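Here's the structure we're looking at; comments come further down.
Protein chains in written order, with full-length UniProt numbering: chain X, 1 to 404; chain L, 1 to 555.
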């Protein structure tokens with residue numbers, strides 16, 4: 001950011017206190033509305049906000065003490081008015097309000113803007129940050145109630161009063177026991193864990209070879225080959241699923257009749273092939289992107305020193321493009337692990353995967369076990385995300401692109 | 001400096017001309033590259049491109065009508081569909097034999113279902129008529145068996161029809177069977193039709209061959225002892241309506257000629273039933289010219305009918321015409337799909353632009369941390385996110401509970417956020433937002449911040465600097481993100497299915513419905529083809545604007 005000048009503390013009576021009163025009035029309105037008298041709420045809120053800013057400023061209360069005092073005070077008020085849930089809401093309001101007072105009063109609100117910014121520009125900048133905050137909230141917040149609800153003691157998809165008042169009786173792990181202890185969920189999980197890795201293996205091995213071929217300097221019809229290989233990502237899944245449905249049904253019958261293969265085995269083969277082809281574009285895209293930065297003189301140097309092409313590939317090229325291959329593989333894995341449309345059309349009941357079970361569960365019977373499954377999946381995706389992020393940093397370090 | 005001598009071209013180390021040597025090296029390089037690509041290319045072609053191409057082909061394929069009713073559709077070509085009358089006796093006669101075969105093979109209901117897509121009521125018409133065709137055949141079977149009791153027995157028939165000959169008729173009938181039910185009727189029937197009898201009693205020989213092929217190859221029974229279908233007796237009765245045939249039979253001396261001559265001697269006991277009346281008795285809809293018009297319109301092997309259906313049109317007597325208002329759904333659905341995808345794309349731009357700007361302008365370390373907030377939903381299972389929105393949006397859901405708790409919404413009038421278009425738009429905006437933010441971010445990252453400062457130092461206001469300097473440079477990012485989001489959203493299936501109810505579903509849901517519930521696969525394929533065409537045009541645009549090589553996944 002640009003040059004930041006000395007921090008100037010704003011005037012209390014003309015700025016900090018009225019602003020705090022304004023924010024507190026908004027909270028007051030919301031709380032008052034909950035008790036049926038929004039107008040009274042606004043007045044109480046405004047007065048309280050003004051007083052809070054005045055007290056914290058005039059008596060120079062240290063930040064930590066001031067904030068905890070406000071949080072505690074509002075939590076007690078919330079507890080007296082309702083129950084434990086109210087106390088938590090009060091504490092949250094207190095945290096926001098006290099943070100706001102100190103943010104204004106210490107001049108922190110101008111910390112990130114250049115000194116020459118006018119009041120309106122500063123206001124706009126902070127509003128902008130607030131809007132971005134809301135968008136981030138929109139991105140992440142929907143996942144939180146799912147995790148919370150998965151500990152519900154009842155078989156409902158909604159919050160019970162016990163949950164809201166943080167009564168331990170309202171919480172249980174029974175949906176996790178359901179998930180981990182019944183065939184209804186463990187068989188699909190097992191299927192997913194059979195199908196996804198094999199499909200990933202196929203798409204990664206074929207995809208890496210093809211990506212290396214595509215990155216050579218002279219490839220006839222490169223544009224077309226690329227378009228064909230990317231197409232599984234572009235064609236709407238429902239169309240892919242329909243096409244595969246018509247293709248795999250007779251193929252499966254033929255395999256069963258002519259090669260005498262077991263029906264369930266053929267079912268797995270069909271789903272695995274279908275998922276492998278869906279994962280191909282991701283591998284192609286990530287590996288070709290990695291190969292763009294690959295220094296071809298390394299392979300020539302290896303050849304120069306007597307390595308044959310296979311040795312060169314495994315000892316020189318592969319270690320360098322490995323991060324790209326792994327992250328392409330992760331994409332392929334998640335594509336298969338998360339895929340439901342194609343498996344619905346191509347698979348039979350024996351190949352039911354986890355997303356399939358969740359889909360039917362969501363459409364037909366609503367059981368919070370889905371939420372337990374969802375929470376576990378979110379945890380897995382956090383782990384995967386961390387892996388990819390670490391790989392990316394490693395790759396950039398290896399290629400010396402950025403400090404990471 | 002040059003190695004060339006005056007005597008010839010430049011040579012490589014092994015003595016070949018350098019030009020040839022280089023060309024060979026280049027060729028070898030190309031072959032090696034293609035050899036690396038080939039396995040995957042083949043794999044994608046076989047398991048993806050070809051299935052989709054064959055699926056698209058289903059949208060015009062229409063062999064079922066002419067394969068199930070080969071002779072009736074051939075006879076129908078002479079019928080004048082503007083006459084307002086049902087066709088003549090010969091069409092009904094051909095229909096009887098065709099439909100009898102189809103009913104035995106249980107194929108008539110499939111045809112009925114197929115034609116029912118075009119004309120409601122056809123399905124039950126075919127089903128009930130197919131069930132009762134035996135009764136029509138018995139009109140002949142009973143008197144023939146009374147006159148010549150030997151003809152009750154399968155052995156008599158087998159001896160009478162067998163003989164020596166080229167068996168051309170049998171092979172022709174076999175080909176017709178295989179048209180109707182592909183690859184079922186291969187193998188030895190165990191019958192050589194007598195050429196003499198086939199020439200004398202053509203309908204009977206054809207009907208008997210049909211029965212023999214079906215009995216021997218589908219039912220796998222011994223045809224020499226089994227009794228033939230009622231239709232064979234009807235065919236014999238029809239053959240004997242021709243005086244020349246009667247004369248030929250009377251002069252015939254082959255096996256069981258005496259039984260046939262018994263029948264010709266008692267022709268007065270044979271019914272003079274007309275098939276037109278018989279079918280009218282079965283169901284008077286058979287006299288409805290509209291039924292016949294539908295059969296005639298759909299008798300060619302390829303049809304544009306499914307495509308016309310997919311855009312709410314139908315084939316009338318004078319070519320394509322719009323369907324009645326109350327049957328028009330697909331154009332509305334296509335428009336809704338496009339419109340909702342546009343709304344979703346718009347809201348993604350609106351929400352994604354500020355965030356991408358923030359990420360591109362913050363210090364790298366902070367930006368990377370915030371980037372995780374964008375990537376986490378991107379990496380989370382689609383079904384998890386969809387179920388999250390179900391939890392949030394339902395009537396007893398989190399959003400409604402909070403609003404009721406805070407007193408903004410009356411408990412009795414909870415907001416209906418789900419099972420309508422609102423739910424689909426909200427949930428899909430959330431799901432597709434990362435696909436907007438990531439391309440926007442990678443474009444904005446390349447815009448130097450000094451441009452904005454330069455504009456301001458030249459006297460531009462904040463707004464002008466943004467709108468005239470920064471925004472135009474970020475347009476490629478908006479374009480890339482929009483097309484990506486748009487392509488993904490018009491093909492979406494899962495989320496609209498779960499939170500969309502009836503008002504919030506897309507064309508994909510209709511395709512899935514036709515594949516798995518109504519089984520109108522041709523229509524599903526036609527709808528899919530149109531959708532695919534739209535997507536491919538967008539893909540082409542995307543390739544032109546961004547270049548498919550430049551797609552980035554997760555930063």
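Glycine included, each C-beta is placed from N, C-alpha and C at the ideal position.
The model shown is predicted, which means the values in this text are computed figures rather than measured ones.
Within chain X, the residues whose beta carbon sits less than 9 Å from that of residue 401 (chain L) are 158, 159, 164, listed in sequence order.
Look at residue 107 (chain L) here: in three-state DSSP terms it is coil, with no helix or strand label. Taking residue 200 (chain L) as the centre and dropping the five residues before and after it, the same chain places the C-beta of 248 closer than 6 Å to its C-beta, in chain order.
Around the CB of residue 274 (chain L), fewer than 16 other CB atoms lie within 10 Å, so the residue is classed as exposed. When DSSP states are grouped into helix, strand and coil, residue 316 (chain L) belongs to the strand group.
Taking a C-beta distance under 9 Å as the contact criterion, residue 469 (chain L) and residue 451 (chain L) qualify as a contact pair.
With its beta carbon at least 9 Å from every one in chain X, residue 315 (chain L) lies outside the interface. Distance between residue 218 (chain X) and residue 16 (chain L), taken at the CA atoms: about 23 Å. Between the segment 259 to 278 of chain X and the segment 530 to 540 of chain L, the count of Cβ pairs shorter than 8 Å is below three; the stretches do not touch. Fully contained in the segment 236 to 320 of chain X are the following alpha helix (DSSP H) runs of length 4 or more, in chain order: 237 to 259, 263 to 292, 297 to 304, 309 to 312. The continuous alpha helix (DSSP H) containing residue 162 (chain X) extends over residues 161 to 164.
Under the three-state reduction of DSSP, residue 162 (chain L) is assigned to strand. In this structure, residue 419 (chain L) lies near residue 500 (chain L), with their beta-carbon atoms less than 9 Å apart. The C-beta separation of residue 395 (chain L) from residue 365 (chain L) comes to about 44 Å, leaving the pair out of contact by the 8 Å criterion. Residue 309 (chain L) sits buried, since 16 or more C-beta atoms from the chains shown fall within 10 Å of its C-beta. About 7 Å separates the CB atoms of residue 271 (chain L) and residue 143 (chain L); that is less than 8 Å, so the two are in contact. Between residue 210 (chain L) and residue 63 (chain L), the gap from beta carbon to beta carbon reaches 9 Å or more. Residue 57 (chain X): member of the alpha helix (DSSP H) spanning 38 to 58, first to last residue. At a cut-off of 9 Å, the C-beta of residue 59 (chain X) has no neighbouring C-beta in chain L. In terms of beta-carbon proximity, residue 392 (chain L) lines the interface with chain X, with at least one pair separated by less than 9 Å. For the pair residue 303 (chain X) and residue 150 (chain X), the CB atoms are not nearer than the 9 Å cut-off. Taking 9 Å as the threshold, the shortest C-beta distance from residue 367 (chain X) to chain L does not fall below it.
Between the C-alpha atoms of residue 64 (chain X) and residue 47 (chain X) there is a straight-line separation of about 23 Å.
When C-beta atoms of the segment 249 to 259 of chain X are compared with those of the segment 291 to 301 of chain X, fewer than three pairs fall below 8 Å, so the two segments do not count as touching.
The three-state secondary structure of residue 55 (chain L), taken from DSSP, is helix. Taking residue 423 (chain L) as the centre and dropping the five residues before and after it, the same chain places the C-beta of 389, 393, 417, 499, 500, 501, 504 closer than 8 Å to its C-beta, in chain order. A straight line joining the alpha-carbon of residue 173 (chain L) with that of residue 254 (chain L) spans about 23 Å. For residue 328 (chain L), no alpha helix (DSSP H) segment is defined, and its DSSP state is neither H nor E. Taking the beta carbon of residue 520 (chain L) as reference, no residue of chain X falls within 8 Å; the closest one sits roughly 12 Å away.
Under the 9 Å criterion on CB atoms, residue 67 (chain L) is classed as non-interfacial with respect to chain X.
Between the alpha carbons of residue 46 (chain L) and residue 274 (chain X) lies a distance of about 11 Å. Only those residues of the segment 207 to 237 of chain X whose C-beta falls short of 8 Å from the nearest C-beta of chain L are listed: 207, 209, 210, 212, 213, 214, 216, 217, 218, 219, 220, 225, 226, 227, 228, 229, 230, 231, 232, 234, 235, 236, 237.
Uninterrupted alpha helix (DSSP H) stretches at least 4 residues long and entirely within the segment 435 to 459 of chain L occur at 450 to 457, given in chain order. The three-state reading of DSSP puts residue 116 (chain X) in coil, since its state is none of H, G, I, E or B. By the Cβ neighbour-count rule, residue 249 (chain X) is exposed, with fewer than 16 other Cβ atoms within 10 Å of its own. In the structure shown, residue 17 (chain L) adopts extended strand secondary structure according to DSSP, grouped into three states.
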